[in-house]
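Residue numbers (this note's numbering): 2 to 125.
Beta carbons: idealized from backbone N, C-alpha and C, even for Gly.
Every value quoted in this text rests on a predicted model; they were computed, and no experiment measured them.
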């Protein structure tokens, strides 16, 4: 996806195009390193809500996300920050839609545990 393929479509189009390039390059890089594995089933898990995060500094939350396994981080970022559907994520990453949902739930659970642990450690 070279710069020659970029078409200006108004304010924000360059940012969206660059974001897309970065996401695709990150996905390609992880695929080449074969550091991402995907499951084909969703385990039985309650859809738990994340605990309240208002008392957690943004840099701490960013560090927690950085500690997630690469595939968890990728799906979480695509779903939450890029606002991609599980169908889009599955197509981008070459997996089944159910795998994207499963990985997201696992990432959410693991991040929730890190948040609760942080909050328990820093109770005032």
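At least 3 beta-carbon pairs within less than 8 Å: the segment 92–100 vs the segment 55–66: no
Bounding residues of the alpha helix (DSSP H) (the contiguous stretch that carries residue 59): Here the alpha helix (DSSP H) through residue 59 covers 59–68.
Reference residue 103, options 116, 114, 115 and 88, closest by Cα: Looking only at 116, 114, 115 and 88, the smallest Cα-Cα distance to residue 103 is reached by 88.
DSSP three-state assignment for residue 84, whether helix, strand or coil: coil
Cβ-based burial, residue 101 [other Cβ within 10 Å; buried from 16]: So residue 101 counts as buried.
Identity of the residue in 27, 118, 124 and 19 nearest residue 76 by Cα: Looking at the Cα atoms, 27 is the closest of the given residues.
Backbone secondary structure at residue 75 - three-state DSSP: For residue 75, the secondary structure class from DSSP, reduced to helix, strand or coil, is helix.
Assigned exposure category for residue 72 - 16 Cβ within 10 Å defines buried: buried
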